[in-house]
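Undergrad: Can you read through this structure? Questions will come right after.
There are 2 protein chains.
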Amino acid sequence: MAAPGVGSRPPSPGEATRDALLDTAAVLFSERGFDGTSVRAITEAAGANLAAVTYHFGSKEGLYEAVLRELLRPMRSVIAQAIRMRGTPLSRIGRVVRSMVVHMGQNPGNPRLMLQQLTGSPLPHPAVQSLMKSNLQRLQALIEEGQADGSIRPGDSLLMAVSLLSQPAHMSIVLRPVQSIMDVDEDESQFLARMADHAAEFAVRALEAPGGAP
Amino acid sequence: MAAPGVGSRPPSPGEATRDALLDTAAVLFSERGFDGTSVRAITEAAGANLAAVTYHFGSKEGLYEAVLRELLRPMRSVIAQAIRMRGTPLSRIGRVVRSMVVHMGQNPGNPRLMLQQLTGSPLPHPAVQSLMKSNLQRLQALIEEGQADGSIRPGDSLLMAVSLLSQPAHMSIVLRPVQSIMDVDEDESQFLARMADHAAEFAVRALEAPGGAP
DNA sequence: AGGCAATTCATACAAACGTTTGAATGAACA
DNA sequence: TGTTCATTCAAACGTTTGTATGAATTGCCT
Numbered sequence: 001m002a003a004p005g006v007g008s009r010p011p012s013p014g015e016a017t018r019d020a021l022l023d024t025a026a027v028l029f030s031e032r033g034f035d036g037t038s039v040r041a042i043t044e045a046a047g048a049n050l051a052a053v054t055y056h057f058g059s060k061e062g063l064y065e066a067v068l069r070e071l072l073r074p075m076r077s078v079i080a081q082a083i084r085m086r087g088t089p090l091s092r093i094g095r096v097v098r099s100m101v102v103h104m105g106q107n108p109g110n111p112r113l114m115l116q117q118l119t120g121s122p123l124p125h126p127a128v129q130s131l132m133k134s135n136l137q138r139l140q141a142l143i144e145e146g147q148a149d150g151s152i153r154p155g156d157s158l159l160m161a162v163s164l165l166s167q168p169a170h171m172s173i174v175l176r177p178v179q180s181i182m183d184v185d186e187d188e189s190q191f192l193a194r195m196a197d198h199a200a201e202f203a204v205r206a207l208e209a210p211g212g213a214p
Numbered sequence: 215m216a217a218p219g220v221g222s223r224p225p226s227p228g229e230a231t232r233d234a235l236l237d238t239a240a241v242l243f244s245e246r247g248f249d250g251t252s253v254r255a256i257t258e259a260a261g262a263n264l265a266a267v268t269y270h271f272g273s274k275e276g277l278y279e280a281v282l283r284e285l286l287r288p289m290r291s292v293i294a295q296a297i298r299m300r301g302t303p304l305s306r307i308g309r310v311v312r313s314m315v316v317h318m319g320q321n322p323g324n325p326r327l328m329l330q331q332l333t334g335s336p337l338p339h340p341a342v343q344s345l346m347k348s349n350l351q352r353l354q355a356l357i358e359e360g361q362a363d364g365s366i367r368p369g370d371s372l373l374m375a376v377s378l379l380s381q382p383a384h385m386s387i388v389l390r391p392v393q394s395i396m397d398v399d400e401d402e403s404q405f406l407a408r409m410a411d412h413a414a415e416f417a418v419r420a421l422e423a424p425g426g427a428p
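Going down the list, the protein sequences come from chains S and C. For what it's worth, this note's numbering labels the leading residue of the first sequence as 1, then goes sequentially. For what it's worth, this note's numbering labels the leading residue of the second sequence as 215, then goes sequentially.
Dropping the structure here:
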């Protein structure tokens with residue numbers, strides 16, 4: 001691995017600690033929140049000097065923004081790719097939901113940071129806003145396509161899109177707690193796969209026009 | 215108002231500042247999180263002395279636990295009451311979802327604190343765990359009742375219950391951001407009512423057996 | 001009126017916080 | 001070999017943090 005291809009040029013000196021800080025901070029911020037994570041905790045866990053954060057990112061907030069952008073980027077492509085597949089609008093919606101559950105379940109830092117943003121301030125960080133907007137709009141378009149051909153029942157496409165997004169976000173967050181609280185005796189990755197299938201079917205059933213296609 | 219009825223005995227001295235601390239802390243903790251809220255910010259906003267928190271609650275953590283318990287209690291009864299109503303399992307599920315969206319939308323501190331717990335530590339506070347467990351179990355029972363009489367489609371009742379709960383929690387959190395980001399030109403309480411109706415219908419459609427009752 | 005227990009208050013404390021500083025270190029280039 | 005520039009480092013800065021302390025104040029009972 002580590003073939004000198006796209007995006008994997010050999011790390012120049014200094015870029016190594018920069019990346020270590022990013023990776024470590026992503027874990028700590030998503031687990032303990034911004035205020036619950038000290039610069040000292042980050043630099044010690046990353047094996048870097050205390051002053052490294054200020055040097056590479058200007059401030060703790062600068063590091064947080066960099067982490068946010070880094071962690072949010074994959075989400076865009078996951079959704080975009082699932083939407084781009086061929087099939088009926090409903091089947092594509094099912095695939096979007098399933099792949100979001102899987103991706104968020106495997107990268108829990110992502111929904112954690114997003115929900116921290118949503119529960120922490122009146123309005124989330126611009127990067128989160130932009131991601132929400134683009135995802136909602138794509139889903140809305142897909143829903144309206146299905147409504148136009150009669151395969152999706154009538155209704156407010158924005159609210160439907162919000163409902164669709166609420167499932168992956170919430171599911172990936174409660175996965176572990178539910179498993180523990182309800183004594184689910186199952187491998188975690190298997191439980192995640194089952195959850196993804198369930199969420200996809202739940203979404204499709206909720207949207208499909210009664211009686212199926214016209 | 216303030217008729218000397220149940221639970222409203224005249225506040226004994228000292229209980230007044232205790233209550234003020236609880237109310238103020240509920241707002242601040244839910245808006246800024248535990249680490250983002252200082253004891254000084256709480257006591258100043260409550261018009262109390264800095265030492266009042268230690269005196270009345272032992273510590274900042276003690277106050278936080280008291281707030282959590284106080285804020286979570288209404289949720290139990292909201293669900294319990296909606297479940298207790300008469301009607302088919304599906305119609306009762308619809309009512310549970312609708313009243314949860316409304317209640318959480320009107321008391322945003324509640325889902326905020328719960329989600330902060332879920333995004334902040336591997337396992338949420340015992341009080342949150344207990345609430346999740348009881349709510350999931352009640353919903354599971356209701357779902358299985360509907361599956362037994364054929365009005366609800368087959369499927370894992372636990373995952374279905376999780377999907378049901380995910381809607382109110384997420385909706386009440388994203389209500390304002392979505393309204394702002396998607397330029398929804400509507401009164402907030404009206405938008406909330408529409409969201410509650412939508413969530414209830416979304417849930418019912420997702421669960422109902424194809425072809426209606428047998 | 002006097003004494004008592006509960007509560008409030010101003011102040012102090014050590015610890016932890018984010019950031020700054022100026023010297024030490026290293027590799028790259030001439 | 002000598003110079004330069006980016007990076008790392010240990011130490012210190014002033015603030016803010018949660019909690020502790022002991023003296024003032026309050027309302028109540030005899």
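Where a beta carbon is used, it is the ideal one built from N, C-alpha and C, also for glycine.
Quick one: Cα of D399 of chain C to Cα of A169 of chain S, how far?
TA: Here residue 399 of chain C corresponds to residue number 185 of the second sequence, with the count starting at 1. Here residue 169 of chain S corresponds to residue number 169 of the first sequence, with the count starting at 1. Rounded to whole angstroms, D399 of chain C to A169 of chain S spans 26 Å at the Cα level.
Undergrad: If we count Cβ pairs, one from each stretch, closer than 8 Å, do we get three or more for the stretch 400-410 of chain C versus the stretch 368-375 of chain C?
TA: no
Undergrad: Which of helix, strand or coil does DSSP assign to E422 of chain C?
TA: As a working note, residue 422 of chain C is residue 208 in the second sequence. The DSSP-derived three-state label of E422 of chain C is strand.
Undergrad: Checking 8 Å against the spacing of the C-beta atoms, do R306 of chain C and L356 of chain C come in under that value?
TA: In the second sequence, the residue the question calls residue 306 of chain C occupies position 92. In the second sequence, the residue the question calls residue 356 of chain C occupies position 142. Their beta carbons are under 8 Å apart, which means R306 of chain C touches L356 of chain C by this criterion.
Undergrad: How many angstroms separate the CA atom of Q354 of chain C from the CA atom of A196 of chain S?
TA: As a first step, residue 354 of chain C must be located in the second sequence, where it is residue number 140. As a first step, residue 196 of chain S must be located in the first sequence, where it is residue number 196. Distance between the alpha carbons of Q354 of chain C and A196 of chain S is about 19 Å.
Undergrad: Check whether the Cβ atoms of A413 of chain C and Q393 of chain C lie closer than 8 Å to each other.
TA: Along the second sequence, read from residue 1 onward, the residue named residue 413 of chain C stands at position 199. Along the second sequence, read from residue 1 onward, the residue named residue 393 of chain C stands at position 179. Not closer than 8 Å, so no.
Undergrad: In the DSSP output, what is I366 of chain C paired with across the bridge?
TA: Here the question's residue 366 of chain C lines up with position 152 in the second sequence. As computed with DSSP, I366 of chain C is found in a beta bridge with C:E422.
Undergrad: Quick one: is S59 of chain S near chain C, going by C-beta distance under 8 Å?
TA: In the first sequence, residue 59 of chain S corresponds to position 59, counting from 1. Closer than 8 Å: no.
Undergrad: Going along the chain, which residues of the stretch 355-376 of chain C sit with their C-beta nearer than 8 Å to a C-beta in chain S?
TA: R367, G369, D370, L372, L373, M374, V376
Undergrad: For chain S, find out if any of its Cβ atoms is closer than 8 Å to the Cβ of I395 of chain C; answer yes or no.
TA: Reading the second sequence from its first residue, position 181 is the one you call residue 395 of chain C. Taking Cβ atoms only, chain S reaches closer than 8 Å to I395 of chain C, which makes this a yes.
Undergrad: Can you tell me whether S77 of chain S is buried or exposed, with buried defined as 16 or more other CB within 10 angstroms of its CB?
TA: Here residue 77 of chain S refers to the residue found at position 77 when the first sequence is read from its first residue. Result: exposed.
Undergrad: Give the residues of chain C in contact with P235 of chain S, contact being defined as C-beta atoms less than 8 Å apart.
TA: As shown, chain S starts at 1 and ends at 214. That puts residue 235 of chain S outside it, with no answer to give.
Undergrad: Quick test of your reading: G105 of chain S and S172 of chain S, contact by CB under 8 Å. State the CB separation rounded to the nearest angstrom.
TA: In the first sequence, residue 105 of chain S corresponds to position 105, counting from 1. In the first sequence, residue 172 of chain S corresponds to position 172, counting from 1. Right, the Cβ-Cβ distance comes to about 5 Å (below 8 Å), so this counts as a contact.
Undergrad: Using only the alpha-carbon positions, how far apart do V267 of chain C and Q361 of chain C sit?
TA: As a working mapping, residue 267 of chain C is identified with position 53 in the second sequence. As a working mapping, residue 361 of chain C is identified with position 147 in the second sequence. V267 of chain C and Q361 of chain C: Cα-Cα distance of roughly 50 Å.
Undergrad: Between V388 of chain C and chain S, is there a C-beta pair that is closer than 8 Å?
TA: Within the second sequence, numbered from 1, the residue matching residue 388 of chain C stands at position 174. Taking Cβ atoms only, chain S reaches closer than 8 Å to V388 of chain C, which makes this a yes.
Undergrad: Any heavy atom of the ligand SAM closer than 7 Å to the beta-carbon of P322 of chain C?
TA: This structure simply doesn't include the ligand SAM, nor any ligand for that matter.
Undergrad: Which whole-angstrom value describes the C-beta separation of L192 of chain S and L175 of chain S, a residue pair presumed to lie in contact below a C-beta threshold of 8 Å?
TA: Sequence index remark: in the first sequence, residue 192 of chain S carries index 192 (1-based). Sequence index remark: in the first sequence, residue 175 of chain S carries index 175 (1-based). Contact holds; Cβ gap of about 6 Å.
Undergrad: On a CA-only basis, which of C:A239, C:E275, C:K347 is nearest A259 of chain C? Give me that one, please.
TA: Position 45 of the second sequence, counted from the first residue, corresponds to residue 259 of chain C. The candidate whose alpha carbon is nearest that of A259 of chain C is C:A239.
Undergrad: Shorter than 8 Å from the beta carbon of H384 of chain C to some beta carbon of chain S?
TA: As a working note, residue 384 of chain C is residue 170 in the second sequence. Yes - at least one Cβ of chain S is within 8 Å of the one on H384 of chain C.
Undergrad: Please state if the CB of R408 of chain C and the CB of G120 of chain S are separated by a distance shorter than 8 Å.
TA: Within the first sequence, the letter at position 120 stands for residue 120 of chain S. Within the second sequence, the letter at position 194 stands for residue 408 of chain C. Not closer than 8 Å, so no.
Undergrad: Please name the residue in S:A127, S:A209, S:M132 whose C-alpha comes closest to that of S151 of chain S.
TA: Mapped onto the first sequence, residue 151 of chain S falls at position 151. Nearest of S:A127, S:A209, S:M132 to S151 of chain S, Cα basis: S:A209.
Undergrad: Between C:T257, C:V315, C:L337, which lies nearest to S273 of chain C when the distance is taken from Cα to Cα?
TA: As a working note, residue 273 of chain C is residue 59 in the second sequence. The option with the nearest alpha carbon to S273 of chain C is C:T257.
Undergrad: Given this structure, state the Cα-to-Cα distance separating L207 of chain S from G94 of chain S, to the nearest angstrom.
TA: For the purposes of this step, residue 207 of chain S is taken as the residue at position 207 of the first sequence. For the purposes of this step, residue 94 of chain S is taken as the residue at position 94 of the first sequence. Straight-line spacing of the CA atoms in L207 of chain S and G94 of chain S works out to 10 Å.
Undergrad: Taking buried to mean at least 16 other C-beta atoms within 10 Å of its own C-beta, is Q81 of chain S buried or exposed?
TA: Along the first sequence, read from residue 1 onward, the residue named residue 81 of chain S stands at position 81. Exposed: under 16 other Cβ atoms inside 10 Å.
Undergrad: So what does DSSP say about V388 of chain C, is it helix, strand or coil?
TA: As a working note, residue 388 of chain C is residue 174 in the second sequence. If DSSP states are grouped into helix, strand and coil, V388 of chain C belongs with the helices.
Undergrad: What residues from chain S crowd round F243 of chain C, counting only those whose CB sits closer than 9 Å?
TA: For the purposes of this step, residue 243 of chain C is taken as residue 29 along the second sequence, with counting starting at 1. Simply none; closest approach about 11 Å.
Undergrad: Cβ of V253 of chain C within 8 Å of Cβ of L242 of chain C?
TA: Counted from its first residue, the second sequence places residue 253 of chain C at position 39. Counted from its first residue, the second sequence places residue 242 of chain C at position 28. Not in contact: V253 of chain C and L242 of chain C (Cβ atoms no closer than 8 Å).
Undergrad: Is L337 of chain C helix, strand or coil by DSSP?
TA: Position 123 of the second sequence holds residue 337 of chain C. Looking at L337 of chain C - three-state DSSP - the assignment turns out to be coil, as it is neither helix nor strand.
Undergrad: Secondary structure at N321 of chain C, three-state DSSP: helix, strand or coil?
TA: The residue you call residue 321 of chain C lines up with position 107 of the second sequence. Three-state DSSP puts N321 of chain C in coil, outside helix and strand.
Undergrad: Rounded to a whole number of angstroms, what is the C-alpha to C-alpha distance between G323 of chain C and G369 of chain C?
TA: Position 109 of the second sequence, counting from 1, holds the residue named residue 323 of chain C. Position 155 of the second sequence, counting from 1, holds the residue named residue 369 of chain C. Cα to Cα, the separation comes out at about 33 Å.
Undergrad: Quick check on S166 of chain S - is its C-beta less than 8 Å from some C-beta in chain C?
TA: In the first sequence, counting from the first residue as 1, residue 166 of chain S sits at position 166. So yes, S166 of chain S belongs to the interface.
Undergrad: Between which two residues does the alpha helix (DSSP H) containing A46 of chain S stretch?
TA: Position 46 of the first sequence, counted from the first residue, corresponds to residue 46 of chain S. 39-46 is the extent of the alpha helix (DSSP H) around A46 of chain S.
Undergrad: With a cut-off of 8 Å on the beta carbons, I'd call I181 of chain S and Q331 of chain C a contact; round off their distance for me.
TA: One-based indexing of the first sequence puts residue 181 of chain S at position 181. One-based indexing of the second sequence puts residue 331 of chain C at position 117. Their Cβ separation, rounded to whole angstroms, is 12 Å, which puts I181 of chain S and Q331 of chain C out of contact at 8 Å.
Undergrad: Output yes or no for whether 8 Å exceeds the beta carbon distance between L22 of chain S and A66 of chain S.
TA: By 1-based counting over the first sequence, the position of residue 22 of chain S is 22. By 1-based counting over the first sequence, the position of residue 66 of chain S is 66. Going by C-beta atoms, L22 of chain S is nearer than 8 Å to A66 of chain S.
Undergrad: Can you list the residues of chain S that Q320 of chain C reaches, using a CB-CB cut of under 8 Å?
TA: Here residue 320 of chain C is taken as the residue at index 106 of the second sequence, counted from 1. Within 8 Å Cβ-Cβ: nothing; Q320 of chain C doesn't reach chain S, min ~16 Å.
Undergrad: In angstroms, rounded to a whole number, what distance separates the CA positions of D233 of chain C and G276 of chain C?
TA: In the second sequence, counting from the first residue as 1, residue 233 of chain C sits at position 19. In the second sequence, counting from the first residue as 1, residue 276 of chain C sits at position 62. One C-alpha to the other measures close to 14 Å.
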